[in-house]
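Participant: Converting from the sequence shown to the working numbering requires adding 220 to each position, the first position being numbered 1. For glycine and all other residues, C-beta sits at the position ideal for the given N, C-alpha and C. The following block contains the structure, expressed as structure tokens.
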Amino acid sequence: MKHLVLIDFVCKESAVYYAAGSFYESDNADRVKELDKIGFIKAEALEAKEEKKTVKRTRKKASE
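Printed below as a string of structure tokens:
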């Protein structure tokens with residue numbers, strides 16, 4: 221799942237640099253909780269939010 225990075229950090233497991241505003245992707249729930257507790261990421265999954273943004277809109281015909 222993707223998580224929003226709030227503060228720049230280097231992951232100690234993968235040695236990858238993550239800048240604020242980028243996305244941290246991991247399936248390791250324990251690691252995500254740890255980073256959220258420290259304040260590096262927002263643990264709320266972004267995939268669910270992206271699905272909610274999809275809204276089907278209908279238009280009325282001009283003749284109505």
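Applying the 10 Å Cβ sphere with the 16-neighbour rule, what's the burial state of Tyr237?
Facilitator: For the purposes of this step, residue 237 is identified with residue 17 of the sequence shown, where counting begins at 1. The residue is exposed, with fewer than 16 neighbouring Cβ atoms inside 10 Å.
Participant: So what's Val225 in DSSP terms, helix, strand or just coil?
Facilitator: Here residue 225 refers to the residue found at position 5 when the sequence shown is read from its first residue. Reduced to three states, the DSSP call for Val225 is strand.
Participant: Starting from Ile258, follow its DSSP beta bridges and name the residues at the other end.
Facilitator: Here residue 258 is taken as the residue at index 38 of the sequence shown, counted from 1. In DSSP, Ile258 forms no bridge with anything.
Participant: Can you list, in chain order, the residues of its chain with a C-beta nearer than 7 Å to that of Phe229? Leave out the 5 residues immediately preceding and following it.
Facilitator: Start at 1 with the first residue of the sequence shown, and residue 229 comes out as number 9. Taken in chain order, the residues that qualify are Tyr238 and Phe260.
Participant: Between the Cα of Ser246 and the Cα atoms of His223, Arg277, Ala282 and Ile227, which residue gives the shortest distance?
Facilitator: Taking the sequence shown and counting its residues from 1, one reaches residue 246 at position 26. Nearest option by C-alpha distance: His223.
Participant: Quick check on DSSP: helix, strand or coil for Val252?
Facilitator: Your numbering for residue 252 matches position 32 in the sequence shown. Residue state, collapsed to three classes: helix.
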